[in-house]
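Each remark here refers to the structure printed beneath this line.
Number of protein chains: 2
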Amino acid sequence: MVKSSFTPRYVHMSQQLRGLILEGTYKPGDAIPSEAELMSMFGTARGTARQAVDVLVSEGLVRRQHGKGTFVQLQPIRHSILNMGGFTDSLRGRAESPVAHVIEAGLTEIDGHQYFRMVRLRGTRTPERTTYLSLDTSVMDASRFPGIEDIDFEDRSLYQILREQYKTHPRRTQITLSTEIPSPDVAELLGEPSDGPALIKTEGSAFDQNDVEIEQIKVLYASRVEFNLTTAIAEFPGGEL
Amino acid sequence: MVKSSFTPRYVHMSQQLRGLILEGTYKPGDAIPSEAELMSMFGTARGTARQAVDVLVSEGLVRRQHGKGTFVQLQPIRHSILNMGGFTDSLRGRAESPVAHVIEAGLTEIDGHQYFRMVRLRGTRTPERTTYLSLDTSVMDASRFPGIEDIDFEDRSLYQILREQYKTHPRRTQITLSTEIPSPDVAELLGEPSDGPALIKTEGSAFDQNDVEIEQIKVLYASRVEFNLTTAIAEFPGGEL
DNA sequence: TTACTCTACTCGTATAGACGTCTAGACAAG
DNA sequence: CTTGTCTAGACGTCTATACGAGTAGAGTAA
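Line by line, the protein sequences are chains A and B.
Heads up: the first sequence is residues 49 to 289, going by our numbering.
Heads up: the second sequence is residues 49 to 289, going by our numbering.
Encoded structure:
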């Protein structure tokens, strides 16, 4: 039996639409094409077009409004510390440069399948000192990235290597926020006091240009990292709580 | 136009099924009736039966397995706040409605200036039960919103009142994420176990259409609330870490 | 001007049917 | 006993159609 690379149409459509939203063709507040327009754009039935939009609705990327249209919700977070890909960018123009220190890296077997697992301390360095900001754990499919266990990740970015050596282009991450009280070891690594606060943790996956999962990520942030968010408030006819 | 008590069939079906699951007719691990069986049980088309099950799937109450059936999940329902602004909207199409319970509301004086301070428990209500999701504290300038202390906020949304009675249109919030270990009282209110995890807290301000600060907000979220985010990954010529 | 109606467009719900893939068990062939 | 095939049942995808209901603007009547 061949593990076919068949992609349902609605998934393909939702990928296209997500791309247009993330790249800014449809901006927050804009209406995306109506279901009728999507039908003719992609040559599908309305049910399929709706199913594609369902995906984006469930991701919170768009919101439907009866009788009006479907609108882009919030600007997805970009260039913030949450954005694993934009880490360096957020530091541009500062007298700081990004550093990564690999704590652990190697192959590991889970359920008979080989994975590459890497734990890194990441942070910034100034001439005076180095400040670690997060402890990142990445797990990737070793068979998809052969030889990855021999690469030195202190020098180059993980995503840069994925692009240059594996022709894989990370496009988005889907993550969940929660809290974690660090173990004494981890607190030490991140420079947290032993009786410090619980830390913010993000867990999720990164997806490539084909919406294939390429990495499972867990990041524990030091308390000195600030998460600043701006949210838009929309007005609904029915009001909201 | 009559505000009919019309309930979509799929909602009615999902309510019935949810009831059967919660009352134990279908226990965790059991298969619920197949889509074909649901069709004949309720006399609907397969699409409608699937739509009903979709609701339960999105609530995490059941899990579909291709080729086998649809099974009752073991995990408790988790709520998801996809976007902090879209609280009500995220509940659309579900058999849940938003509720707010005012714990405390009144004027308070800080530095010789009068402020309106309100603490609310917010959450969702289904026919079966009410689930509180967050404890919100709002502080607003009393002189800008005269008479606000006499308004009943259990009925109507705060922002709805600001728009309708004070011609103030909240447009964005600027918030910071952090963690907090709830006091026993607060844990009790949010339904958290006494030895539960640290909670996610957001603190910040809301701004109106003129970018004037109108509200200071602090929200403590129950651990059952999921924060799901999608981030975009950009490519830079210089690479990133 | 004001208020109402009409209409086009949008999303919401529902039906009926078709075909594909996956699972698990029955059964036959080796 | 192992392997392969077949089949029934279950979910996954997709089409085509229909009608309901909310929105917004154009046009019309008072």
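A virtual CB, placed ideally from N, CA and C, is assigned to each residue, including glycine.
All figures in this text were calculated on a predicted structure; none of them were measured in a lab.
Can you list the beta strand (DSSP E) stretches of 3 or more residues lying completely in the stretch 211-286 of chain A, in chain order? For the stretch 211-286 of chain A, whole beta strand (DSSP E) runs of length 3 or above, ordered along the chain, are 220-228, 247-255, 261-269 and 275-280.
Hey, is the stretch 216-229 of chain B in contact with the stretch 199-216 of chain A, meaning 3+ C-beta pairs nearer than 8 Å? When C-beta atoms of the stretch 216-229 of chain B are compared with those of the stretch 199-216 of chain A, fewer than three pairs fall below 8 Å, so the two segments do not count as touching.
Measure the C-alpha to C-alpha separation of I69 of chain A and V120 of chain A and round it to an integer number of angstroms. To locate residue 69 of chain A, count along the first sequence from 1; it is residue 21. To locate residue 120 of chain A, count along the first sequence from 1; it is residue 72. C-alpha separation (whole angstroms): 7 Å.
Comparing C-alpha positions only, which one of B:D233, B:G67, B:V267 and B:V260 sits nearest to I248 of chain B? Taking the second sequence and counting its residues from 1, the one referred to as residue 248 of chain B is at position 200. Nearest of B:D233, B:G67, B:V267 and B:V260 to I248 of chain B, Cα basis: B:V267.
Taking the alpha carbon of L155 of chain A as the point to measure from, which residue in A:A79, A:Q63 and A:A190 has its own alpha carbon closest? Within the first sequence, numbered from 1, the residue matching residue 155 of chain A stands at position 107. The option with the nearest alpha carbon to L155 of chain A is A:A190.
Would you call the stretch 249-256 of chain A and the stretch 55-71 of chain B touching, i.e. three or more CB-CB distances under 8 Å? No, they do not touch.
Could you tell me whether any Cβ in chain B is nearer than 9 Å to the Cβ of P175 of chain A? Here residue 175 of chain A refers to the residue found at position 127 when the first sequence is read from its first residue. It does not: the Cβ of P175 of chain A has no partner Cβ on chain B nearer than 9 Å.
Under 8 Å, with one C-beta from each stretch per pair, do the stretch 261-280 of chain B and the stretch 180-188 of chain B reach the 3-pair mark? Taking a cut-off of 8 Å on C-beta distances, the stretch 261-280 of chain B touches the stretch 180-188 of chain B, as three or more cross pairs fall below it.
If we count the other Cβ atoms within 10 Å of its Cβ and call it buried at 16 or more, is E85 of chain B buried or exposed? Looking up residue 85 of chain B in the second sequence gives position 37. By the 16-neighbour rule on beta-carbons within 10 angstroms, E85 of chain B is exposed.
Classify G108 of chain A as buried or exposed, calling it buried when 16 or more other Cβ atoms lie within 10 Å of its own Cβ. In the first sequence, the residue the question calls residue 108 of chain A occupies position 60. Classification for G108 of chain A: buried.
Excluding sequence positions up to five away, which residues of its chain have a Cβ less than 6 Å from the Cβ of K75 of chain B? Here residue 75 of chain B corresponds to residue number 27 of the second sequence, with the count starting at 1. Answer for K75 of chain B: no residue qualifies.
Beta-carbon proximity list for T179 of chain B, same chain, < 6 Å, skipping 5 on both sides: Taking the first residue of the second sequence as 1, we reach residue 179 of chain B at position 131. Answer for T179 of chain B: G171 and T172, listed in chain order.
For D256 of chain A versus R219 of chain A, is the C-beta spacing smaller than 9 Å? Mapped onto the first sequence, residue 256 of chain A falls at position 208. Mapped onto the first sequence, residue 219 of chain A falls at position 171. A contact, by the Cβ cut-off of 9 Å.
In chain A, which residues lie less than 9 Å from N276 of chain B when you measure between Cβ atoms? As a first step, residue 276 of chain B must be located in the second sequence, where it is residue number 228. Near N276 of chain B (Cβ distances below 9 Å), the residues of chain A are E107, G108, Q222, I223, T224, L225 and G252.
So the alpha helix (DSSP H) Y58 of chain A belongs to, where does it begin and stop? As a working note, residue 58 of chain A is residue 10 in the first sequence. Residues R57 to L70.
Assign M166 of chain A to one of two classes, buried (16 or more other C-beta atoms within 10 Å of its C-beta) or exposed (fewer than that). Position 118 of the first sequence, counting from 1, holds the residue named residue 166 of chain A. Buried: at least 16 other Cβ atoms inside 10 Å.
Going by DSSP, which residues form a beta bridge with R112 of chain A? If you number the first sequence from 1, residue 112 of chain A lands on position 64. The partner list for R112 of chain A (beta bridge, DSSP) reads A:T118.
Where S145 of chain A falls: helix, strand or coil (DSSP): Within the first sequence, the letter at position 97 stands for residue 145 of chain A. Strand at S145 of chain A.
Continuous beta strand (DSSP E) stretch holding S88 of chain B: start and end: Looking up residue 88 of chain B in the second sequence gives position 40. Annotation for S88 of chain B: no beta strand (DSSP E) segment contains it, though the alpha helix (DSSP H) segment containing it runs E83 to F90.
Hey, could you find the ends of the beta strand (DSSP E) T73 of chain B is sitting in? As a first step, residue 73 of chain B must be located in the second sequence, where it is residue number 25. Annotation for T73 of chain B: no beta strand (DSSP E) segment contains it, and DSSP assigns it neither H nor E.
Inter-residue Cα distance where the pair is E236 of chain B and S205 of chain A: Here residue 236 of chain B refers to the residue found at position 188 of the second sequence. Here residue 205 of chain A refers to the residue found at position 157 of the first sequence. Approximately 45 Å, taken between the alpha carbons.
With 9 Å set as the bound, which would you pick, yes or no: does the beta-carbon of E152 of chain B sit closer than that to a beta-carbon of chain A? As a working note, residue 152 of chain B is residue 104 in the second sequence. Closer than 9 Å: no.
Closest Cβ-Cβ distance between A246 of chain B and chain A: below 9 Å? Taking the second sequence and counting its residues from 1, the one referred to as residue 246 of chain B is at position 198. Chain A contact via Cβ: present.
Any idea which residues DSSP pairs V167 of chain A with across the strands? The count along the first sequence starts at 1 and reaches residue 167 of chain A at position 119. Under DSSP, V167 of chain A shares a beta bridge with A:E152 and A:T185.
In terms of residue numbering, what span does the alpha helix (DSSP H) encompassing D102 of chain A cover? Position 54 of the first sequence, counted from the start, is the residue given in the question as residue 102 of chain A. Taken as a continuous stretch (DSSP letters only), the alpha helix (DSSP H) holding D102 of chain A covers R94 to E107.
Within 9 Å of any Cβ in chain A, is that where the Cβ of S271 of chain B sits? Indexing the second sequence from 1 puts residue 271 of chain B at position 223. Interface residue, yes.
Since I believe A93 of chain A is in contact with S62 of chain A (beta carbons under 8 Å), could you give me their beta-carbon distance rounded to a whole number of angstroms? The residue labelled residue 62 of chain A in the question sits at position 14 within the first sequence. The residue labelled residue 93 of chain A in the question sits at position 45 within the first sequence. The C-beta distance from S62 of chain A to A93 of chain A rounds to 15 Å, too long to fall under 8 Å, and the pair is not in contact.
Please list, in chain order, the residues of the stretch 81-105 of chain B that have any C-beta partner in chain A closer than 7 Å. Closer than 7 Å at the C-beta level to chain A, one finds no residue of the stretch 81-105 of chain B.
Between the Cα of I223 of chain A and those of B:T279, B:S271, B:G195 and B:I196, spot the shortest distance and give me the residue it belongs to. Walking along the first sequence from the start, residue 223 of chain A turns up at place 175. Nearest C-alpha to I223 of chain A: B:T279.
Thinking C-beta only, is A148 of chain B closer than 9 Å to E202 of chain B? Taking the first residue of the second sequence as position 1, residue 202 of chain B is located at position 154. Taking the first residue of the second sequence as position 1, residue 148 of chain B is located at position 100. If you check the CB distance, E202 of chain B and A148 of chain B come in under 9 Å.
By the criterion of Cβ-Cβ separation under 7 Å, what are the contact partners of R192 of chain A in chain B? Stepping through the first sequence from its first residue, residue 192 of chain A is reached at position 144. Those do not exist, as R192 of chain A stays about 18 Å from chain B at its closest Cβ, beyond 7 Å.
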